[in-house]
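Enquirer: The structure is given below, and queries will be raised subsequently.
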Amino acid sequence: MTASVSIRNLTKTFATFKALDDVWLDIAAGEFIVLLGPSGCGKTTLLSILGGFLTPTGGTVTIGDRDMAGVPPALRPTTTMFQDYALFPHMRLIDNVGFGLRMRGMDRASRDAKAAGFLDLVGLKLSARKKPHELSGGQRQRVALARALAVDPDVLLLDEPLGALDLKLRRQMQDELKALQKRVGTTFVHVTHDQEEAMAIADRIVVMNHGRVEDFGPPSDIYMRPKSIFAAGFMGEVNFLSGRVSRVECDAAEVETQIGPIVLPIANFTIARPQAGEHVTLCIRPEHFRTVDRSVAGLSEAVVSDVSFFGTHHRCHLAPVASPERKLVAHMPQSARIARCDRIALAFDPAGVTALPEVPET
Amino acid sequence: MAQPGETQATDIAFPAGSARRMLASALSWFYLAAVYAFIFLPVAVLVLFSFQDGRLPVPPFNGFSLQWYESVFADRKLMAALANSLMVAVASSFVSCLLGFLAAYALARYRLPASALQRGLLIAPMTVSYLIIALGLLAVLNALQVPLSLWTVGIGHVVINLPLCFAIIYASMGDHHVNIERAARDLGASDVKVMALVTAPMLMPSIMAAFFLSITFSWDEFIIAFLLSRFDVTLPVEIWSMLRSGLNPKTNAIGSLVFLASVVVLVVLELALFGRSRKP
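Protein sequences, first through last, are from chains R and S.
With the first letter of the first sequence counted as 1, position 107 gets the number 107 in this note's numbering; the numbers rise by one all the way through.
The number in this note's numbering is simply the position in the second sequence, starting from 1, with 1000 added.
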């Protein structure tokens, strides 16, 4: 089963601390949503409100057209998979997975059959009679997933479920989680602070900071066209360049920056339509820099102040000649021949550059 | 930490040190033996003279005989008292554990007004002497015109064992159980089911510890049982009334049996506690 989730005007205040500040979200049925943000951004608070463990200070949550105000966790069409898995230590796996069905009054034979099916789904059919302490971290995580799914929730809430696993296992579980979600079709709302994990599994990512939604969209949109400086910085390394719009043509605009004029398509501006004289901040990902033989007209050259080889690319620190304090980070192709103190021409793909409304430089 | 090899080297180099160490070792063994003798000699003497072949449980030891055990098992009143004791111990310990668990659950999981004070009040009876508790209960029961019986003894034993059960169970209720209870609630369990199916089984080792400790205390308890009972009495009270007619190896025999029962309960407790806690 699956259901859509609609969050309107949601606010949560703890004493003087505003954990959630006017959050609006529309989640479609069957979507895999990831709430992404640093600790204290309100993502776990939002998840707890969806699960019914916290009561919002203001606003509404609707799951499948049903208002959730005052509905306790047990009566919600949601189940939560906790960060520490919260398995029942005294029960065998089959009883752990069948617990929710037992609470719904299902008889032993049917619930054992159904629980065995869900253990099979997560690849633990043969361990049904074991107790949780006999399992590894990854296996416990799978049991918690099976237990939460066994009651056919419309929405599954996952509270940093992969946080305790080592990197390799985490990558493997991400793939499993995503495949499983596609198979069962349940709406998943997953909390994490790891942006790689978010990109690996999400249909859409909600980037949160200070209790607000900074950005909401498919991973590629958030990475390529972030709607805020915070979202741009949180999704990966980025260079910020402040500039002023000097000229606007029908489908392109020229921005005057410290390293020279840059011509961008209008579509790369997050504000409706840039006006000449407007101040903007350009976001350039390191991998959008290119090596060129001859300098691009108007753009400053740069001196390589440091370079290291990362296998897939060379990571360079650049000091533009026109403005040596304005350090840039660029990823140059594997094959490029770059050494410290080289003087190179700056060039990048304009399509990869996003122009955000001006904020003070960081 | 010193390596074993180093210690040996020092021993060879300083034979005087080695002698001092042997002396210290001998002294500590002597001390150990003295401590255990101090604790267990009275019990050993009691048990020894329960096998006395004669009418007096005092030296000299005349020979080995089981006659006093035979007369204990043939004594109807004594056997009835033993059954009473067992009943009171099990029932009062069960009630103490149940009430202690509920109180611990409430104080550990909910925000209650003046919870520190409430915890203190629950544990406070531990510091009051059994005599005072018995006198107080006697006054209350008289005022309420409740006739004295094994029930009133049981009430007295709940009063003394509840603080103990509460303290043991409360100490084992960690925050790490909170999410597990939340998960149970999330999966549709009511509060009662969370307690019965999740919290209590998770805390079973400490609940069992509290239960068996209560049983040993109730089993041995005399003052409350003496003051709050009338026609049916518990074993310690029956033994006391036997003692009034003078020393007799029969009292040694029943005393040995009481001691044996306590040892059995302690062994069970040990197994219940450590047998389980080995598996996290």
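The beta-carbon is built from N, C-alpha and C at its ideal position, and this holds for glycine as well.
A quick note: this is a predicted structure, and the numbers were derived from the prediction, not measured.
With a threshold of 8 Å between beta carbons, is A369/R in contact with chain S?
Expert: Residue 369/R lies beyond the residue range present for chain R, which begins at 1 and ends at 362; the question has no answer from this structure.
Enquirer: DSSP on Q195/R, reduced to helix/strand/coil?
Expert: To locate residue 195/R, count along the first sequence from 1; it is residue 195. Three-state DSSP puts Q195/R in a helix.
Enquirer: In terms of residue numbering, what span does the alpha helix (DSSP H) encompassing F1212/S cover?
Expert: By one-based count along the second sequence, residue 1212/S stands at place 212. Run containing F1212/S: 1204-1220, per the alpha helix (DSSP H) assignment.
Enquirer: Based on the DSSP secondary-structure assignment, which residues constitute the bridge partners of T281/R?
Expert: The count along the first sequence starts at 1 and reaches residue 281/R at position 281. According to DSSP, which records beta bridges pairwise, T281/R is partnered with S242/R, L356/R.
Enquirer: With E301/R as the anchor, note down where its beta strand (DSSP E) starts and where it stops.
Expert: Locating residue 301/R in the first sequence gives position 301, where the first residue counts as 1. First-last of the beta strand (DSSP E) with E301/R: 301-309.
Enquirer: Please confirm if M68/R has its CB atom under 8 Å from at least one CB of chain S.
Expert: Your numbering for residue 68/R matches position 68 in the first sequence. By this cut-off, M68/R is not an interface position.
Enquirer: Which residue's Cα is closest to the Cα of P56/R: R76/R, D21/R, M81/R?
Expert: Position 56 of the first sequence, counted from the first residue, corresponds to residue 56/R. The option with the nearest alpha carbon to P56/R is D21/R.
Enquirer: Taking C-beta pairs closer than 7 Å, name the residues in chain S that P73/R reaches, listed in chain order.
Expert: By one-based count along the first sequence, residue 73/R stands at place 73. Within chain S, the residues near P73/R are R1185, D1186.
Enquirer: Measure the alpha-carbon distance for R337/R versus A345/R and round it to whole angstroms.
Expert: Counting from 1 along the first sequence, the entry for residue 337/R is found at position 337. Counting from 1 along the first sequence, the entry for residue 345/R is found at position 345. Each residue's alpha carbon lies about 13 Å from the other.
Enquirer: In whole angstroms, give me the CA-to-CA distance for G1120/S and F1222/S.
Expert: Within the second sequence, numbered from 1, the residue matching residue 1120/S stands at position 120. Within the second sequence, numbered from 1, the residue matching residue 1222/S stands at position 222. Straight-line Cα distance between these residues: approximately 26 Å.
Enquirer: Hey, is F371/R's beta-carbon within less than 8 Å of any beta-carbon in chain S?
Expert: In the structure as shown, chain R starts at 1 and stops at 362, and residue 371/R therefore has no counterpart that could be examined.
Enquirer: How would you write the range of the alpha helix (DSSP H) that D120/R sits in, first residue to last?
Expert: The residue given as residue 120/R occupies position 120 in the first sequence. Run containing D120/R: 108-121, per the alpha helix (DSSP H) assignment.
Enquirer: Would you list, in chain order, the members of the stretch 148-169 of chain R that have their beta-carbon closer than 7 Å to a beta-carbon of chain S?
Expert: For the stretch 148-169 of chain R, which is checked against every Cβ of chain S, the residues closer than 7 Å are V151.
Enquirer: R446/R touches chain S at which residues, Cβ-Cβ below 8 Å?
Expert: This structure cannot settle anything about residue 446/R, because the visible part of chain R is limited to 1 through 362.
Enquirer: Which full runs of the alpha helix (DSSP H) of 4+ residues lie inside the stretch 1126-1185 of chain S, going along the chain?
Expert: Counting whole runs of 4 or more residues, the stretch 1126-1185 of chain S contains the alpha helix (DSSP H) stretches 1130-1143, 1150-1172.
Enquirer: Just the chain R side, please: which residues come within less than 8 Å of I1180/S by C-beta, in chain order?
Expert: Translated into the one-based positions of the second sequence, residue 1180/S becomes position 180. Neighbours of I1180/S on chain R, chain order: A86, L87, F88, P89.
Enquirer: Since T281/R contacts E358/R with CB under 8 Å, what's their CB separation in whole angstroms?
Expert: Taking the first sequence and counting its residues from 1, the one referred to as residue 281/R is at position 281. Taking the first sequence and counting its residues from 1, the one referred to as residue 358/R is at position 358. At roughly 6 Å, the Cβ-Cβ gap stays under 8 Å, so T281/R and E358/R are in contact.
Enquirer: Going by C-alpha to C-alpha distance, which of F289/R, S48/R, V238/R, G352/R sits closest to A267/R?
Expert: The count along the first sequence starts at 1 and reaches residue 267/R at position 267. The option with the nearest alpha carbon to A267/R is G352/R.
Enquirer: With a threshold of 16 other CB atoms inside 10 Å of the CB of G1017/S, please say whether the residue is buried or exposed.
Expert: Here residue 1017/S refers to the residue found at position 17 of the second sequence. That one is exposed.
Enquirer: Relative to the C-alpha of V1307/S, which residue among H1176/S, I1123/S, M1173/S is closest?
Expert: Nothing can be reported for residue 1307/S, as the shown portion of chain S is limited to 1001 through 1280.
Enquirer: Ignoring anything shorter than 3 residues, give me the beta strand (DSSP E) runs that lie fully in the stretch 65-108 of chain R, in order along the chain.
Expert: 78-81, all fully within the stretch 65-108 of chain R.
Enquirer: Sorted by chain position, which residues of the same chain lie with C-beta nearer than 8 Å to E134/R's C-beta, five sequence neighbours on each side aside?
Expert: Translated into positions along the first sequence, residue 134/R becomes position 134. Only S127 meet the Cβ criterion.
Enquirer: Helix, strand or coil: which one does DSSP assign to F1231/S?
Expert: Position 231 of the second sequence holds residue 1231/S. Of the three classes helix, strand and coil, the one that applies to F1231/S here is coil, per DSSP.
Enquirer: Can you find the residues in the same chain that come closer than 6 Å, C-beta to C-beta, to L169/R, ignoring five residues on each side of it along the sequence?
Expert: For the purposes of this step, residue 169/R is taken as the residue at position 169 of the first sequence. So the qualifying residues of the chain are G138.
Enquirer: Name the two residues that bound the continuous beta strand (DSSP E) containing E214/R.
Expert: Working through the first sequence from its first residue, we reach residue 214/R at position 214. Here the beta strand (DSSP E) through E214/R covers 212-217.
Enquirer: Verify the CB distance criterion: does G100/R have a CB-CB separation below 8 Å to chain S?
Expert: Here residue 100/R corresponds to residue number 100 of the first sequence, with the count starting at 1. Interface residue, yes.
Enquirer: Ordered along the chain, which non-local residues of its own chain (more than five positions away) have a Cβ less than 7 Å from that of V1265/S?
Expert: On the second sequence, residue 1265/S is found 265 positions in, with the first residue counted as 1. Only F1212, I1215, T1216 meet the Cβ criterion.
Enquirer: In whole angstroms, what is the alpha-carbon distance linking P274/R and S335/R?
Expert: For the purposes of this step, residue 274/R is taken as the residue at position 274 of the first sequence. For the purposes of this step, residue 335/R is taken as the residue at position 335 of the first sequence. Each residue's Cα considered, the two are about 38 Å apart.
Enquirer: Can you pull out the residues from the stretch 1200-1212 of chain S whose beta carbon lies closer than 8 Å to at least one beta carbon of chain R?
Expert: Residues P1201, M1202, M1204.
Enquirer: Over the uninterrupted beta strand (DSSP E) stretch that includes N9/R, give me the two end residues.
Expert: The residue given as residue 9/R occupies position 9 in the first sequence. N9/R -> beta strand (DSSP E) spans 5-14.
Enquirer: List the endpoints of the continuous alpha helix (DSSP H) containing G1188/S.
Expert: The residue labelled residue 1188/S in the question sits at position 188 within the second sequence. Taken as a continuous stretch (DSSP letters only), G1188/S belongs to no alpha helix (DSSP H), as it is neither H nor E.
Enquirer: According to the Cβ coordinates, are G51/R and T78/R closer than 8 Å?
Expert: Counting from one through the first sequence, the residue named residue 51/R turns up at place 51. Counting from one through the first sequence, the residue named residue 78/R turns up at place 78. Taking 8 Å as the Cβ cut-off, G51/R and T78/R qualify as a contacting pair.
Enquirer: Cβ-heavy atom distance between H193/R and the ligand FMN below 7 Å?
Expert: This structure does not include the ligand FMN; it has no bound ligands of any sort.
Enquirer: For V1198/S, go through chain R and note every residue whose CB falls closer than 7 Å to its CB, in chain order.
Expert: Within the second sequence, numbered from 1, the residue matching residue 1198/S stands at position 198. In chain order: F88.
Enquirer: So, helix, strand or coil for P261/R, using DSSP?
Expert: Along the first sequence, read from residue 1 onward, the residue named residue 261/R stands at position 261. Here P261/R sits in strand by DSSP.
Enquirer: Would you check if the distance between the CB atom of V1192/S and the CB atom of E1181/S is smaller than 8 Å?
Expert: Taking the second sequence and counting its residues from 1, one reaches residue 1192/S at position 192. Taking the second sequence and counting its residues from 1, one reaches residue 1181/S at position 181. It is not a contact, given that the beta carbons lie outside the stated cut-off.
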